Every structure is written in C-alpha cells, then in structure tokens.
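Heads up, the thing below is written out as structure tokens.
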Amino acid sequence: MSRAFVNEDAAADDAPGRYPLPPADDPGFRLAAARALLRGADQADTAGAEAATGLFWGDPDLTPEIERLLAEAREDGDDRGEQLAERFLRAVAGRDGGGGGDTD
Numbered sequence: 026m027s028r029a030f031v032n033e034d035a036a037a038d039d040a041p042g043r044y045p046l047p048p049a050d051d052p053g054f055r056l057a058a059a060r061a062l063l064r065g066a067d068q069a070d071t072a073g074a075e076a077a078t079g080l081f082w083g084d085p086d087l088t089p090e091i092e093r094l095l096a097e098a099r100e101d102g103d104d105r106g107e108q109l110a111e112r113f114l115r116a117v118a119g120r121d122g123g124g125g126g127d128t129d
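Just add 25 to the spot in the sequence shown (first one is 1) and you have our numbering.
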C-alpha cells in the first residue's frame, strides 16, 4: 500500500480516551501509565499509549513500576504480561546502550 494512503497518526488521535489515567500529580499515575504502556503494546498501539501517558516505551523512569507489574504477572501466571514487561525492560537496557528493544 502506498504511504500516501496510510494515516500513521490515526492510532494516537483518540488515545487519551482509550487509556484513562489519574492526573499526573496523583501518586498512582506512574503505575497507571506503566499499565497503559503495556496494554498499548499488547494492542499494537504503543504510539497511542505514549500519547496518552506522555511517556515513552522503554522510559527508564518507569523501571520500578514495570518491575512491579512483571512480578505481578509472574505471580498470576500471566505469560503475556510477563513477556511485555520483559520487553519493556529490554528496551530500557537498549536506551542505556545495551541494544534495541521492541514494542509488541
């Protein structure tokens, strides 16, 4: 398909409605944002989740929250959640010079 017919910004247009978050100054915002980024990756909508949260996939500032979600996924036997959290953490390592990361 020609790139002329691809709307690359379509996924991000209504992202805030798909990823309801508390206000950024709420103590639960970072965990909710981490969950939203993992959910976005699971739904092949990383760009939308990034737009909604104002954070990016592999943001090292979210490492504690992602590690918490990884532990929860392992405890719950959530293989997909575990996979996504591990990918996020690999992306963090990639930003530190350890190689590239993937989003979904």
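The beta-carbon is built from N, C-alpha and C at its ideal position, and this holds for glycine as well. Predicted, not measured: the structure shown is a model, and the values here were computed from it.
Exposed unless 16 or more other CB atoms sit within 10 angstroms - verdict on Gly73: Here residue 73 corresponds to residue number 48 of the sequence shown, with the count starting at 1. Burial call: buried.
Contact between the segment 51 to 66 and the segment 77 to 90 (3+ Cβ pairs under 8 Å): Because the criterion of three Cβ pairs below 8 Å is met, the segment 51 to 66 and the segment 77 to 90 touch.
Reduced DSSP secondary structure (H/G/I, E/B, other) of Phe81: For the purposes of this step, residue 81 is taken as residue 56 along the sequence shown, with counting starting at 1. Phe81: coil per DSSP, three-state reduction.
Check whether Gly53 and Pro47 have beta carbons under 8 Å apart: Working through the sequence shown from its first residue, we reach residue 53 at position 28. Working through the sequence shown from its first residue, we reach residue 47 at position 22. Contact: yes.
Boundaries of the alpha helix (DSSP H) in which Asp67 is found, first to last residue: As a working note, residue 67 is residue 42 in the sequence shown. Unbroken alpha helix (DSSP H) run through Asp67: Phe54 to Asp67.
Alpha carbon of Phe30 to alpha carbon of Glu100, nearest angstrom: The residue you call residue 30 lines up with position 5 of the sequence shown. The residue you call residue 100 lines up with position 75 of the sequence shown. Bear in mind that the predicted position of Phe30 carries a pLDDT of just 48, short of 50, making it too unreliable to give a figure here.
Arg43 versus Val117: straight-line alpha-carbon distance, rounded: Residue numbering aside, residue 43 sits at position 18 when the sequence shown is read from its first letter. Residue numbering aside, residue 117 sits at position 92 when the sequence shown is read from its first letter. Answer to the nearest angstrom: the Cα atoms are 24 Å apart.
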